[in-house]
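Step one of this worksheet: look at the structure below.
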Amino acid sequence: MSKQHPYRSVPATDVAARSDVLRRLELELLRRLDGRASGDHLTTSLGPGSERAGARAYEPGDDARLIDWNLTARAGDTYVRRTEADREVETWIVVDRSASLDFGTASSEKRDVVLAATAAFGMLRLGGSNRIGVVVAGLDKLVQRPARQGRAAFLAALSTVHGTERRQRGPDESADLAAAIGWVTGAVRRRAQVVVVSDFLDAGTWERDLRLLGLRHDVVCVHVTDPRELSLPDVGILGVVDPETGRQRYVQTRTPGLRQRYAEAAAQRSARIRSTIHACGADYLHLSTDRDWLGDTVAFVTRRKTLKTPASRGGLPMPTEPPVAAATVPGATR
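Numbering (my numbering), first residue to last: 3 to 336.
What follows is the structure, encoded as structure tokens:
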């Protein structure tokens, strides 16, 4: 006779707190994203649709209703319009939840911005027959939530991201960022949009896997940082800890040379991450814990939609923007 394991229910307070955070986050997103999600269906396929995709010379058998009369008059020859196919979009969001994201010195922690970015890109794709899947990396094993339609399915996946525990060590090699990207490359056969949300401090070979991912899919990389990762404050002796290895070190921050070398090394690391992402054919979005994460996301999506530039045609550099007031993630804890 098999031993029966008692079922342990989740405390009601935890469920209520999680529901409150997700509800407030959803309301804030709907308020700021209202009217921006419609028509956001980028595709590289040609077919029946409403979005213009160039023109070609008229061939016998073409529908006369597709003739571009303006172009025909200018060119002196008959041309027909080409359009992008209107079809559902499948989106996969790779969420990094490694120990390095349990850090923050501004209005929120990096893990809160990761949750917010996941929610924003998911909400932009809700509606119609669009499907959204989520892969959580940085834990002891990969957590996959299959691509499904509808708000309820996406909120369930978002709840999984919110419920991940804080980490005291690095991820297992089979569950790091490179493993998650590789899983999407192998499992998702149909061309889709893939959003990778991470601080990209993973020591794995995510660059190679990201390059392979970009050959088949439209990829957006969301780089999440905290201001203290880019510069050291002048506070005297400061103890620093690597959250994924547990290594500790004390440094004298009153030394100007040390602070300068640290800032230069941090700037070089950020530039290297950005250039690597662009080299892999992905678009780059930078979010910080001291900035308006939702405003930056909306600006990025609006710009990307306006230019109609899929990542497979080259990375899209983000414009330099002046600092703005930070938006606190609803319900975030420090």
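Beta carbons are placed, not taken as given, at the ideal position from N, Cα and C, and that holds for glycine.
Simplified DSSP state of D114, which is helix, strand or coil: Here residue 114 is taken as the residue at index 112 of the sequence shown, counted from 1. The answer is helix: DSSP assigns D114 an H, G or I state.
CA-to-CA distance, R193 to A101, given in whole angstroms: Working through the sequence shown from its first residue, we reach residue 101 at position 99. Working through the sequence shown from its first residue, we reach residue 193 at position 191. For A101 and R193, the distance between alpha carbons rounds to 31 Å.
W208 classed as buried or exposed, judged by whether at least 16 other C-beta atoms fall within 10 angstroms: As a position in the sequence shown, residue 208 is number 206, starting the count at 1. Buried, since its Cβ has 16 or more Cβ neighbours within 10 Å.
Three-state secondary structure assigned by DSSP to D174: Translated into the one-based positions of the sequence shown, residue 174 becomes position 172. Three-state result, D174: coil.
The region 94–110 contacting the region 273–282, beta-carbon criterion three pairs below 8 Å: no
Nearest-angstrom Cα separation, counted from R261 out to G172: Sequence index remark: in the sequence shown, residue 172 carries index 170 (1-based). Sequence index remark: in the sequence shown, residue 261 carries index 259 (1-based). About 27 Å.
Segment contact, 8 Å Cβ cut-off, at least three pairs: the region 156–174 with the region 120–130: yes
Cut-off 7 Å between Cβ atoms - residues of its own chain near P235, not counting five sequence neighbours on either side: Here residue 235 refers to the residue found at position 233 of the sequence shown. Here the set comprises T255.
Cβ-based burial, G238 [other Cβ within 10 Å; buried from 16]: Stepping through the sequence shown from its first residue, residue 238 is reached at position 236. Label assigned to G238: exposed.
Spatial neighbours of G241 in its chain, beta-carbon cut-off 7 Å, leaving aside the 5 residues before and after: The residue you call residue 241 lines up with position 239 of the sequence shown. Taken in chain order, the residues that qualify are Q250 and Y252.
Cβ pair L287, V115 closer than 8 Å: Counting from one through the sequence shown, the residue named residue 287 turns up at place 285. Counting from one through the sequence shown, the residue named residue 115 turns up at place 113. Contact flag unset, no.
Rounded C-alpha distance that separates W71 from Y81: Looking up residue 71 in the sequence shown gives position 69. Looking up residue 81 in the sequence shown gives position 79. Cα-Cα distance, rounded: 8 Å.
Supposed close pair L144, A182 - CB separation, criterion 8 Å: As a working note, residue 144 is residue 142 in the sequence shown. As a working note, residue 182 is residue 180 in the sequence shown. Right, their Cβ atoms sit about 6 Å apart.
Cα-Cα separation, C282 to D201: One-based indexing of the sequence shown puts residue 282 at position 280. One-based indexing of the sequence shown puts residue 201 at position 199. Approximately 16 Å between the Cα atoms of the pair.
Residue from I134, A121 and V163 whose Cα sits closest to the Cα of W295: Looking up residue 295 in the sequence shown gives position 293. Among I134, A121 and V163, the Cα nearest to that of W295 is on A121.
Alpha-carbon to alpha-carbon, R147 and E92: Position 90 of the sequence shown, counting from 1, holds the residue named residue 92. Position 145 of the sequence shown, counting from 1, holds the residue named residue 147. Cα-Cα distance, rounded: 13 Å.
Close Cβ partners of R218 (< 6 Å) along its chain, the five nearest in sequence each way excluded: For the purposes of this step, residue 218 is taken as residue 216 along the sequence shown, with counting starting at 1. So no residue of the chain qualifies.
DSSP three-state assignment for G188, whether helix, strand or coil: Sequence index remark: in the sequence shown, residue 188 carries index 186 (1-based). In the structure shown, G188 sits in a helix (DSSP, three-state: H, G or I).
Distance between R83 and A268 (C-alpha atoms, nearest Å): The residue given as residue 268 occupies position 266 in the sequence shown. The residue given as residue 83 occupies position 81 in the sequence shown. The straight-line gap from Cα to Cα measures roughly 49 Å.
Alpha-carbon to alpha-carbon, A77 and T291: Along the sequence shown, one-based indexing puts residue 291 at 289. Along the sequence shown, one-based indexing puts residue 77 at 75. So the alpha carbons of these two residues sit roughly 53 Å apart.
Of the listed residues W94, A59, S176 and I69, nearest to V222 (C-alpha basis): Numbered from its first residue, the sequence shown carries residue 222 at position 220. That would be W94, whose Cα lies nearest to the Cα of V222.
Rounded separation between R191 and Y264 - CA only: In the sequence shown, counting from the first residue as 1, residue 191 sits at position 189. In the sequence shown, counting from the first residue as 1, residue 264 sits at position 262. Whole-angstrom Cα-Cα distance: 42 Å.
Rounded separation between R213 and A66 - CA only: Taking the first residue of the sequence shown as position 1, residue 213 is located at position 211. Taking the first residue of the sequence shown as position 1, residue 66 is located at position 64. About 42 Å.
Of the listed residues T227, T257, T247 and V138, nearest to S161 (C-alpha basis): In the sequence shown, residue 161 corresponds to position 159, counting from 1. Minimum Cα distance to S161 is reached at V138.
Which of helix, strand or coil DSSP assigns to Y252: For the purposes of this step, residue 252 is taken as the residue at position 250 of the sequence shown. In this structure, Y252 counts as strand in the three-state DSSP scheme.
Buried or exposed (CB count within 10 angstroms, at least 16 for buried), Q195: Here residue 195 refers to the residue found at position 193 when the sequence shown is read from its first residue. Under this definition Q195 is a buried residue.
L117 to V136 span [Cα, whole Å]: Within the sequence shown, numbered from 1, the residue matching residue 117 stands at position 115. Within the sequence shown, numbered from 1, the residue matching residue 136 stands at position 134. The alpha-carbon atoms of L117 and V136 are separated by roughly 12 Å.
Helix, strand or coil at P235 [DSSP, three-state]: Here the question's residue 235 lines up with position 233 in the sequence shown. In this structure, P235 counts as coil in the three-state DSSP scheme.
Own chain residues within Cβ distance below 6 Å of V243, not counting five before or after: Your numbering for residue 243 matches position 241 in the sequence shown. Excluding positions up to five away in sequence, the list reads Q250.
Y264, enclosing beta strand (DSSP E) - first and last residue: Within the sequence shown, residue 264 is the residue found at index 262, counting from 1. Unbroken run through Y264 is the alpha helix (DSSP H), P258 to A281; no beta strand (DSSP E).
In chain order, each beta strand (DSSP E) run of at least 3 residues that lies wholly inside the region 283–307: 285–290
Of the listed residues G124, V186 and R271, nearest to Q151 (C-alpha basis): As a working note, residue 151 is residue 149 in the sequence shown. When only C-alpha atoms are compared, the closest one is G124.
Residue burial classification, E2 (beta-carbon count within 10 angstroms, cutoff 16): This structure leaves residue 2 out entirely; the chain is present only between 3 and 336.
Nearest candidate by alpha-carbon position, reference R113, set I69, L68 and R169: The sequence position of residue 113 within the sequence shown is 111, counting from 1. Comparing Cα-Cα distances from R113 to each of I69, L68 and R169, the minimum goes to R169.
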